[in-house]
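Trainee: The opening position of the sequence shown corresponds to residue 10 in our numbering, with each subsequent residue numbered one higher.
Note that the Cβ used here is the ideal one computed from N, Cα and C, for glycine as well.
Pasting a structure below so you can have a look.
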Amino acid sequence: MEAIVARISLSRRFATQSRSAPLLLLLIVVVSLAGCQGKTLVDDNPVFVEAPPRRSLTNKSTVAESVGEKGESQIQAVSFSDSPETKLAGNTVVAEVNGRPIFVDDLIGSLRLAIEAEESLSDEQRQQILEKQVRGRLDKYVEQEIVVQSLKRKIPEDRQQVIEESLEEPFGEVIANIKKDRNITTDEELDQILLAEGLSVDLLRESFFRIQMVNGYLSTIVEAPSTISRVEMLAYYQDHRDDFTTKERVRWQELVVLFASNNGREGAETKMTEVVKLLQDDADFAELAVEYSDALSAEKRGDMGWLERGSLSDKDLEGQLFSLPSGGMTKVLVRDDRFEVCRVVDHQAARTAPFQEKQKEIEQRLRAENARASRQKAMQDLRANASVVTMFDEEPEG
10 MEAIVARISL
20 SRRFATQSRS
30 APLLLLLIVV
40 VSLAGCQGKT
50 LVDDNPVFVE
60 APPRRSLTNK
70 STVAESVGEK
80 GESQIQAVSF
90 SDSPETKLAG
100 NTVVAEVNGR
110 PIFVDDLIGS
120 LRLAIEAEES
130 LSDEQRQQIL
140 EKQVRGRLDK
150 YVEQEIVVQS
160 LKRKIPEDRQ
170 QVIEESLEEP
180 FGEVIANIKK
190 DRNITTDEEL
200 DQILLAEGLS
210 VDLLRESFFR
220 IQMVNGYLST
230 IVEAPSTISR
240 VEMLAYYQDH
250 RDDFTTKERV
260 RWQELVVLFA
270 SNNGREGAET
280 KMTEVVKLLQ
290 DDADFAELAV
300 EYSDALSAEK
310 RGDMGWLERG
320 SLSDKDLEGQ
330 LFSLPSGGMT
340 KVLVRDDRFE
350 VCRVVDHQAA
360 RTAPFQEKQK
370 EIEQRLRAEN
380 ARASRQKAMQ
390 DLRANASVVT
400 MFDEEPEG
């Protein structure tokens with residue numbers, strides 16, 4: 010029990026790993042995992058407390074279409090059909106996991122609202138887009154729902170607060186990062202931006218907590234090998250030698266003198282002659298490129314980056330470059346519209362790194378592969394013991 014709580018707490022590091030585009034990350038999380046608008050569909054703790062029947066907690070965006078004149082439930086539980094009468098709505102049940110319904114809005118709530126608000130789309134096009142989005146997200150959401158339900162059975166209520174408190178701080182950091190990256194200073198500004206996206210802080214929190222708890226719980230039940238033997242690492246090295254082999258390559262610079270930029274060929278020849286004399290006097294090629302070159306590469310001190318054999322269309326130039334050692338220069342090349350001279354900054358031969366040099370990297374790769382395999386096995390075991398029904402289970406063949 011303590012291990013589960015501790016592991017979920019450790020998984021909160023996810024919150025500080027994406028500083029570059031945290032809002033985009035959370036929008037993806039929300040659309041793919043939650044999607045519902047307004048208040049959360051369960052109590053304050055959506056993971057551990059058994060949720061009340063979903064039919065009494067339809068989200069605000071679908072209240073009007075899910076409650077009839079007499080107040081009875083109008084939730085749509087549908088199976089797959091190509092009939093035009095079958096329409097996906099926010100309150101359509103697209104799957105059941107151990108008897109618990111999953112709604113369209115659980116998967117694509119905010120996206121559904123955007124699709125339905127797009128006036129350029131026909132009803133048929135909206136339905137096609139909605140179905141495609143539901144199909145693409147359903148399997149992942151079902152897997153996570155299975156994990157969440159398993160976790161709720163394992164964690165007693167007296168440990169719920171511990172987990173929630175461990176996730177509130179990193180979630181606060183994510184919100185702070187969103188504000189910083191978007192130059193937002195107040196909660197009111199953030200609320201306005203989220204509202205425009207069909208989101209809310211509560212919705213982000215629910216989705217964030219869900220991901221952290223799923224990842225944390227899975228990490229406690231996987232059984233990955235604790236050690237990687239040298240025999241395993243050597244076998245991996247032999248099987249993946251190409252991964253540790255670099256091709257022959259050169260890093261090179263160019264200095265180009267264009268006829269058009271120097272009053273014709275004669276002026277360009279005078280300028281290139283001056284460049285050659287300076288190079289013969291050991292002038293720095295990069296500095297000369299900045300001063301004399303008419304190519305855009307002058308802004309990068311003539312640097313053209315790394316080149317592998319076979320990747321340059323000018324085979325004559327490529328041949329010259331690969332024939333030169335580090336520091337070597339080509340002769341002045343005469344083109345139809347310019348003179349140019351090139352220098353090899355570094356010439357690296359093809360090389361296979363020795364096992365000892367890559368041993369630590371190989372160990373890390375094998376640990377990651379074992380972890381993925383163990384996580385997949387744990388997920389398969391959980392799914393084998395779950396009852397899952399989706400609206401696409403009995404699709405017509407063809």
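I need the DSSP call for P267, collapsed to helix, strand or coil.
Mentor: Note on identity: in this sequence residue 267 is Leu, with Pro being the wrong assignment. L267 falls in the strand class under three-state DSSP.
Trainee: Once you ignore the five residues that flank P93 on each side, which residues in its own chain have a CB closer than 8 Å to its CB?
Mentor: Low per-residue confidence applies at P93: pLDDT is 48, beneath 50, and the placement is therefore not dependable enough to give any value.
Trainee: Can you say whether P165 is buried or exposed, counting buried as having 16 or more other CB atoms within 10 angstroms of its CB?
Mentor: Exposed, since its Cβ has fewer than 16 Cβ neighbours within 10 Å.
Trainee: Measuring alpha carbon to alpha carbon, tell me which residue in R258, F348, R260 and G336 is nearest A269.
Mentor: Comparing Cα positions, the closest option is F348.
Trainee: Can the beta-carbon of R318 be found closer than 8 Å to that of M338?
Mentor: Not closer than 8 Å, so no.
Trainee: Determine, using beta carbons only, whether M400 and V103 come nearer to each other than 8 Å.
Mentor: Yes, the pair counts as a contact, with Cβ atoms nearer than the cut-off.
Trainee: If you draw a straight line from the C-alpha of E283 to the C-alpha of A359, how long is it?
Mentor: One C-alpha to the other measures close to 37 Å.
Trainee: In this structure, how does DSSP classify T101 when only helix, strand and coil are distinguished?
Mentor: Three-state result, T101: strand.
Trainee: Just confirm the distance between the C-beta atoms of E241 and L375, as a whole number of angstroms; I'd bet it's less than 8 Å.
Mentor: That pair is a contact at about 6 Å.
Trainee: Counting beta carbon pairs with one atom in the stretch 256–265 and one in the stretch 315–331, are three or more of them shorter than 8 Å?
Mentor: The stretch 315–331 is in contact with the stretch 256–265.
Trainee: In this structure, how does DSSP classify F253 when only helix, strand and coil are distinguished?
Mentor: Helix.
Trainee: What are the boundary residues of the beta strand (DSSP E) that R381 is part of?
Mentor: Looking at the DSSP string, R381 is not in any beta strand (DSSP E); the run it does join, the alpha helix (DSSP H), is F364 to A393.
Trainee: Between the beta-carbon of I184 and the beta-carbon of V143, is there less than 8 Å?
Mentor: Going by C-beta atoms, I184 is not nearer than 8 Å to V143.
Trainee: How long is the line joining the alpha carbons of L267 and K340, rounded to whole angstroms?
Mentor: Approximately 16 Å, taken between the alpha carbons.
Trainee: V151 and V106 - do their beta-carbons sit closer together than 8 Å?
Mentor: In this structure, V151 lies closer than 8 Å to V106 by Cβ.
Trainee: With DSSP as the reference, please indicate the residues paired to Q170 in a beta bridge.
Mentor: Looking at the DSSP assignment, Q170 forms no beta bridge with any residue, so it has no partner.
Trainee: From the DSSP output, in three-state form, read off P165 for me.
Mentor: In this structure, P165 counts as coil in the three-state DSSP scheme.
Trainee: Could you tell me whether the Cβ atoms of I230 and A377 are closer together than 8 Å?
Mentor: Contact: no.
Trainee: Tell me the residue span of the alpha helix (DSSP H) that contains E232.
Mentor: Segment: none, E232 is in no alpha helix (DSSP H) and carries neither H nor E.
Trainee: Out of F331, Q153, L208 and D148, state which residue places its alpha-carbon closest to the alpha-carbon of D402.
Mentor: It is D148 whose Cα lies nearest to the Cα of D402.
Trainee: Using the DSSP secondary-structure output, state which residues sit across from E349 in a beta bridge.
Mentor: In the DSSP output, where bridge partners are listed per residue, E349 has V265 and L342.
Trainee: Contact between the stretch 236–250 and the stretch 321–328 is defined here as three or more beta-carbon pairs at a separation below 8 Å; is this criterion met?
Mentor: Touching, no.
Trainee: Taking the straight line between their C-alpha atoms, what separation do you get for D264 and K369?
Mentor: Reading off the sequence, residue 264 comes out as Leu, not Asp. So the two alpha carbons sit approximately 42 Å from each other.
Trainee: Based on Cα-Cα distance, which residue from D211, E140, V223 and T254 lies nearest to S159?
Mentor: Closest by alpha carbon: V223.
Trainee: Is there a Cβ of chain D sitting closer than 8 Å to that of L208, yes or no?
Mentor: Protein chain content of the structure displayed is limited to a single chain, and chain D is not contained in it.
Trainee: From T255 to L208, what distance separates their C-alpha atoms?
Mentor: For T255 and L208, the distance between alpha carbons rounds to 47 Å.
Trainee: Going by Cα to Cα distance, which pick from D355, L342, D346 and V343 is closest to S335?
Mentor: With distances taken between Cα atoms, S335 lies closest to D355.
Trainee: Using the DSSP secondary-structure output, state which residues sit across from I111 in a beta bridge.
Mentor: Per DSSP, A104.
Trainee: Within the continuous beta strand (DSSP E) that includes G314, where are the two ends?
Mentor: Here the beta strand (DSSP E) through G314 covers D312 to E317.
Trainee: Per DSSP, which one or two residues make a beta bridge with R360?
Mentor: Answer is T255.
Trainee: Quick check on this structure: which residue in E278, A395 and D200 has the alpha carbon closest to the alpha carbon of K188?
Mentor: K188 has its Cα closest to that of D200, out of E278, A395 and D200.
Trainee: Keeping to the same chain, check which residues put their C-beta closer than 8 Å to that of A292; ignore five residues upstream and five downstream.
Mentor: Hits under 8 Å: none found.
Trainee: By Cβ distance below 7 Å, which residues in the same chain neighbour V299 in space, the five residues on each side in sequence not counted?
Mentor: Cβ neighbours of V299 beyond the five flanking positions: A307 and R310.
Trainee: Could you check how far apart the C-beta atoms of Q136 and K96 are, in whole angstroms? I think they sit under 8 Å.
Mentor: That belief holds up - the Cβ atoms of Q136 and K96 are roughly 6 Å apart, short of 8 Å.
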